[in-house]
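Trainee: As they're listed, the protein sequences go chains A and B.
All the letters of the first sequence, read from the start, carry residue numbers 1 to 198 under our numbering.
All the letters of the second sequence, read from the start, carry residue numbers 1001 to 1563 under our numbering.
Just so you know, even glycine gets a beta-carbon here, dropped at the ideal spot from N, CA and C.
Since the model is a prediction, treat every value here as computed from it, not as a measurement.
Below is a structure I'd like to ask you about.
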Amino acid sequence: MLTENQDLTLNHKPGHIKHDGHNMTGFIIFLCSESIIFFAFFVGYSVLKISAPVWYPEGINGIDVKMPLINTVILVSSSFVIYFAEKFLHKKNLWGFRIIWFITMLMGSYFVYGQYVEWSELSFSLQSGAFGGMFYLLTGFHGLHVITGILLMGLMLLRSFLPDNYEGGEMGVESVSLFWHFVDVIWILLFGLIYLWQ
Amino acid sequence: MTIVNYDPRLVKSKNPYPKGPNDWKRFFSFNTDAKVIGIQYIVTALFFLLIGGLLAMLIRGELITPPSDLFDPTVYNGLYTMHGTIMLFLFLFPILSGLTNLLVPPMIGAPDMAFPKLNALAFWLVPVFSIILLLSFFVPGGPASSGWWSYPPISIQNPLGQIINGEMLWIIAISLSGISSIIGAVNFVTTIIRMRAPGMGFFKMPIFIWTVLAAQLLQLLGLPALTGGAIMLFFDLTFGTSFFRIEGGGDPVLFQHFFWFYSHPAVYVMVLPVFGIFSELFPVYSRKPLFGYKFVAVASFGITILSLVVWVHHMFYTGTPMWMRNLFMFTTMLIAVPTGVKVFAWIATLWGGNIRLTTPMLFCLGGLFNFIFGGITGVMLATVPVDIHVGNTYFVVAHFHYIIFNTIAFGIFAAIYHWFPKFTGRMFYEGLGKVHFALTFIGATLNWLPLHWAGLLGMPRRVASYDPEFAIWNVLASIGAFILGVASIPFILNMVSSWVRGKSAPPNPWKAIGLEWLLPSPPPHENFEEDIPTVLNEPYCYGLDKPFVEDEQFYIEKSLKKH
């Protein structure tokens, strides 16, 4: 069939742009931006602490480090555990991935539980001066990220039971894993700032 | 020689709209096409320009006489706060997102943005936070009244004790606007990094793309700081925390740091794309290559980096130590270097050119003229002694309106006129456009030039009444503001009637070089679809014997065929 368009010819092979596969790039850019909020809070904490004549609320000399230290160990090691889950996935060992992935979720949940226990035992509140506000703001905002991470992991776990979902679709798992490392690094900085610098 | 099969049935099946591309309902739906989203952004933003302009005219109406006779001073506080907030967050940011959405994919030869659904989400947040912001007029106590920068302790006073108050709605609206901007920025940066046409290396990108990349990286780096500050302000206002309360061990100046760490770069987020627009339009309308292409491109990133370390110049008079003042005076003045590079490059481009004074070119020239003036007063303000003398007077107001309206809005109007034929497929009426330019230029100059004198004489900003000695400058300014109000009439008339029944536009009415001008007007849904051109040179080779893309003739002929 001859059409009026057929006299148009292209002397070179036209380029082609892939329509997908940008998710990781976008997600990394987003995480960089997200880290600035934490950075702003950290700077705020440091500035207020340095300039305050009395930092802790009345009747408090510092905060207990033991319980948060256990929490830290759990969260940091979960970052290694999630790495092995990813490895199982790349080796197409789905059940290995699911089990290790679930263990990471349990470790994250333990961290949230530990945070809850710590909060309920503290004698100061959100309104107890600049320190009280900063403490709950930082730990709370980080805790929200941990909870988000656990929910995202749950989503990925459910997705792994859908048929044919991991034919080259590891991007979601890799993104969540990256997010988990991000949450982990933020916690290490936060731990140093609030608990070690007293 | 490859012969591409153009079976018309194949081409038609790509059309995503069952009712044809001219179905107007797509502008009111969750559409993921960047060109639809761009127009949604622009039309929404222009609507809010009218609302913000109405508030501006109310303010100028109040200030035409020295006593506060038109409004109660409390109402006046709400008026200027909302005027600033609406103009920045509901007009300028959305309209620039709109232009960026329209221009980035065609200019780099991409079919669409990298994340079309997120793109639509970013747009639909605009009406949501706009409604939240406008609703604050109707809550007890009225809208936020502490100025667009919302400094504590004034912003966290909440005298009526209402949980839902104007300030709270303001913070929520600003945070949602921030989320929308971050989604947009992730999208733009990913699109520009990953989806350029083959052959388009960084130093073959149009300057507009360079400036968008620089501006959006600035959003990603700066905006989270404001979000952090806004969260803390929200807690102080609503939950009684003491981040910024001095009686609880907090520090109100800390908020100023959070605020200006973003809000100063925010000016560059807005002005950088306008620099890009200038760099695109001057070569087209003077038929000369852009002078110093690589320097203009790199200067955008010079501005990005420097603008992150200048914010304290807004705080010279809020207890800033002397070493910090000197440091930030120095960095602020340093910004004049990359901006100066651009200004000289534009003037050199115009020099000896074959200049066509079309409406977009007039807006560009007017914008450049005003930018040089506003830039000079900017360097004046960067000097610590001058700033302490005129800080918080009308000199500052006049200076930033020279940048934000007389430069940025002029550039935006230029862009709207320049690319109107491309994206609507219709020509606008040149005569009405020139009337719009003349009224805008006269109104803007009359509005803000006299206020420099009022400020130098010491008239403070944000006060509803003033000493009669400032009356003459204020009468002139008010007349200018009303002329600006009138200027919107030929603009609206032009846009609406041209879009409805204007002459149909050829693919390249300005004889411009650029990937977007190789597409039909309006471009098809996925721009170049399967035939993405291979770029050979930067798009400024006017009068040079350098081809722009491989097989240019093929694309020109294809764009001339009705799709």
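For A/L122 and B/T1339, what's the separation of their Cα atoms in angstroms?
Mentor: For the purposes of this step, residue 122 of chain A is identified with residue 122 of the first sequence, where counting begins at 1. For the purposes of this step, residue 1339 of chain B is identified with residue 339 of the second sequence, where counting begins at 1. Answer to the nearest angstrom: the Cα atoms are 53 Å apart.
Trainee: Tell me whether B/T1227 sits in a helix, a strand or coil according to DSSP, three-state version.
Mentor: Here residue 1227 of chain B corresponds to residue number 227 of the second sequence, with the count starting at 1. Note: B/T1227 maps to helix in three-state DSSP.
Trainee: Determine which residues of the stretch 44-56 of chain A have a Cβ less than 9 Å from any Cβ of chain B, and write them out in chain order.
Mentor: G44, V47, L48, S51, A52, P53, V54, W55
Trainee: Is there at least one Cβ from chain B nearer than 9 Å to A/G108's Cβ?
Mentor: Translated into positions along the first sequence, residue 108 of chain A becomes position 108. Closer than 9 Å: no.
Trainee: Roughly how many angstroms lie between the CA atoms of B/F1413 and B/V1496, to the nearest whole one?
Mentor: Within the second sequence, the letter at position 413 stands for residue 1413 of chain B. Within the second sequence, the letter at position 496 stands for residue 1496 of chain B. Answer to the nearest angstrom: the Cα atoms are 15 Å apart.
Trainee: Is there a Cβ from chain B that is less than 9 Å from the Cβ of A/S123?
Mentor: Counted from its first residue, the first sequence places residue 123 of chain A at position 123. No, no contact with chain B.
Trainee: Write down the C-beta distance between B/V1310 and B/T1320 rounded to the nearest angstrom, noting that I regard them as a contact closer than 8 Å.
Mentor: The sequence position of residue 1310 of chain B within the second sequence is 310, counting from 1. The sequence position of residue 1320 of chain B within the second sequence is 320, counting from 1. Their Cβ separation, rounded to whole angstroms, is 13 Å, which puts B/V1310 and B/T1320 out of contact at 8 Å.
Trainee: Should A/H90 be labelled buried (16 or more other beta-carbon atoms within 10 Å of its own) or exposed?
Mentor: Locating residue 90 of chain A in the first sequence gives position 90, counting from the first residue. Exposed: under 16 other Cβ atoms inside 10 Å.
Trainee: Looking at chain A, is there any beta carbon in it that lies within less than 9 Å of the beta carbon of B/A1215?
Mentor: Position 215 of the second sequence, counted from the start, is the residue given in the question as residue 1215 of chain B. Chain A, which has no Cβ nearer than 9 Å to the Cβ of B/A1215, makes this no.
Trainee: Against A/I194, what residues of chain B qualify as contacts under a CB-to-CB distance less than 9 Å, listed in chain order?
Mentor: Position 194 of the first sequence holds residue 194 of chain A. What A/I194 touches in chain B, judged by beta-carbon distance under 9 Å, is nothing: the nearest beta carbon there is about 15 Å away.
Trainee: Helix or strand or just coil, what does DSSP make of B/T1358?
Mentor: Walking along the second sequence from the start, residue 1358 of chain B turns up at place 358. Secondary structure at B/T1358: coil, using DSSP grouped into helix, strand and coil.
Trainee: Around the C-beta of B/L1237, are 16 or more other C-beta atoms found within 10 angstroms, so that it is buried, or is it exposed?
Mentor: Residue numbering aside, residue 1237 of chain B sits at position 237 when the second sequence is read from its first letter. Buried, since its Cβ has 16 or more Cβ neighbours within 10 Å.
Trainee: For chain B, is any of its Cβ atoms less than 9 Å away from the one on A/N5?
Mentor: As a first step, residue 5 of chain A is located in the first sequence; it is residue number 5 there, counting from the start. Confidence is the limiting factor: at A/N5 the pLDDT is only 48, short of 50, which leaves the residue's position unreliable, though a coordinate-based value still follows. Closer than 9 Å to some Cβ of chain B, the Cβ of A/N5 qualifies, so yes.
Trainee: Is the beta carbon of A/Y136 sitting closer than 9 Å to the one on A/L151?
Mentor: Walking along the first sequence from the start, residue 136 of chain A turns up at place 136. Walking along the first sequence from the start, residue 151 of chain A turns up at place 151. In this structure, A/L151 does not lie closer than 9 Å to A/Y136 by Cβ.
Trainee: If you draw a straight line from the C-alpha of B/L1432 to the C-alpha of B/H1314, how long is it?
Mentor: For the purposes of this step, residue 1432 of chain B is identified with residue 432 of the second sequence, where counting begins at 1. For the purposes of this step, residue 1314 of chain B is identified with residue 314 of the second sequence, where counting begins at 1. For B/L1432 and B/H1314, the distance between alpha carbons rounds to 40 Å.
Trainee: Out of B/S1504, B/A1382, B/N1494, B/Y1268, which one is the CA nearest neighbour of B/M1324?
Mentor: Position 324 of the second sequence, counted from the first residue, corresponds to residue 1324 of chain B. With distances taken between Cα atoms, B/M1324 lies closest to B/A1382.
Trainee: Report back the beta-carbon spacing between B/T1597 and B/V1274 to the nearest angstrom; my notes put them in contact at under 8 Å.
Mentor: Residue 1597 of chain B is absent from the structure shown; chain B starts at 1001 and stops at 1563.
Trainee: Closer than 7 Å by beta-carbon distance: list the chain A residues that pair up with B/V1390, in chain order.
Mentor: Numbered from 1 along the second sequence, position 390 holds the residue referred to as residue 1390 of chain B. The CB of B/V1390 never comes closer than 7 Å to any CB in chain A; the least such distance is about 29 Å.
Trainee: According to DSSP, is B/T1440 helix, strand or coil?
Mentor: As a first step, residue 1440 of chain B is located in the second sequence; it is residue number 440 there, counting from the start. DSSP places B/T1440 in helix when its eight states are reduced to three.
Trainee: Measure from the C-beta of A/H22 to each C-beta in chain B and report whether the shortest distance is under 9 Å.
Mentor: Position 22 of the first sequence holds residue 22 of chain A. True, the Cβ-Cβ gap to chain B drops below 9 Å.
Trainee: Sorted by chain position, which residues of the same chain lie with C-beta nearer than 7 Å to A/I103's C-beta, five sequence neighbours on each side aside?
Mentor: Locating residue 103 of chain A in the first sequence gives position 103, where the first residue counts as 1. Around A/I103: V81.
Trainee: Mapping DSSP to helix, strand and coil, what is B/T1191?
Mentor: By 1-based counting over the second sequence, the position of residue 1191 of chain B is 191. Three-state DSSP puts B/T1191 in a helix.
Trainee: Of the residues B/G1038, B/G1229, B/Y1542, which one's Cα is nearest the Cα of B/F1423?
Mentor: In the second sequence, the residue the question calls residue 1423 of chain B occupies position 423. Answer by Cα proximity: B/G1038.
Trainee: Within 10 angstroms of its Cβ, does B/E1529 collect 16 or more other Cβ (buried), or is it exposed?
Mentor: By one-based count along the second sequence, residue 1529 of chain B stands at place 529. Exposed, since its Cβ has fewer than 16 Cβ neighbours within 10 Å.
Trainee: In its own chain, which residues sit with a C-beta less than 7 Å from the C-beta of A/Y45, not counting the 5 before and 5 after it?
Mentor: Stepping through the first sequence from its first residue, residue 45 of chain A is reached at position 45. Correct list, in chain order: M134, L138, L193.
Trainee: Determine the direct distance from the alpha carbon of B/A1481 to that of B/I1064, and round the result to whole angstroms.
Mentor: For the purposes of this step, residue 1064 of chain B is taken as residue 64 along the second sequence, with counting starting at 1. For the purposes of this step, residue 1481 of chain B is taken as residue 481 along the second sequence, with counting starting at 1. Spanning the two alpha carbons is a distance of roughly 11 Å.
Trainee: Quick one: list the residues of chain A neighbouring B/L1221, beta-carbon separation under 9 Å, in chain order.
Mentor: On the second sequence, residue 1221 of chain B is found 221 positions in, with the first residue counted as 1. Within chain A, the C-beta atoms nearer than 9 Å to that of B/L1221 come from C32, S33, I36, in chain order.
Trainee: Measuring only the C-alpha atoms, how far is A/I99 from A/A85?
Mentor: Residue mapping note: residue 99 of chain A aligns to position 99 of the first sequence, counting from 1. Residue mapping note: residue 85 of chain A aligns to position 85 of the first sequence, counting from 1. If you take the alpha carbons of A/I99 and A/A85, they lie about 8 Å apart.
Trainee: I believe B/L1169 touches B/P1140 by the beta-carbon criterion, under 8 Å. Please report the beta-carbon distance rounded to the nearest angstrom.
Mentor: As a first step, residue 1169 of chain B must be located in the second sequence, where it is residue number 169. As a first step, residue 1140 of chain B must be located in the second sequence, where it is residue number 140. Wrong, their Cβ atoms sit about 12 Å apart, outside the cutoff.
Trainee: Three or more C-beta pairs closer than 8 Å, one from the stretch 1279-1292 of chain B and one from the stretch 1354-1364 of chain B: is that the case here?
Mentor: yes
Trainee: State the DSSP-derived secondary structure class of A/S46, mapped to helix, strand or coil.
Mentor: Sequence index remark: in the first sequence, residue 46 of chain A carries index 46 (1-based). A/S46: helix per DSSP, three-state reduction.
Trainee: Using the three-state DSSP reduction, which class does B/P1539 fall into: helix, strand or coil?
Mentor: For the purposes of this step, residue 1539 of chain B is taken as the residue at position 539 of the second sequence. DSSP places B/P1539 in coil when its eight states are reduced to three.
Trainee: Can the beta-carbon of B/A1477 be found less than 9 Å from the beta-carbon of B/L1439?
Mentor: As a working note, residue 1477 of chain B is residue 477 in the second sequence. As a working note, residue 1439 of chain B is residue 439 in the second sequence. Not a contact, by the Cβ cut-off of 9 Å.
Trainee: With distance defined between alpha-carbon atoms, name the residue in A/L158, A/G172, A/S109, A/S175 nearest to A/G143.
Mentor: Against the first sequence, residue 143 of chain A aligns to sequence position 143. Comparing Cα-Cα distances from A/G143 to each of A/L158, A/G172, A/S109, A/S175, the minimum goes to A/S109.
Trainee: Just curious, the alpha helix (DSSP H) that B/N1101 is in, first and last residue?
Mentor: Taking the first residue of the second sequence as 1, we reach residue 1101 of chain B at position 101. Residues 1093-1108.
Trainee: If you reduce the DSSP assignment to three classes, tell me which class B/R1426 lands in.
Mentor: Reading the second sequence from its first residue, position 426 is the one you call residue 1426 of chain B. Looking at B/R1426 - three-state DSSP - the assignment turns out to be strand.
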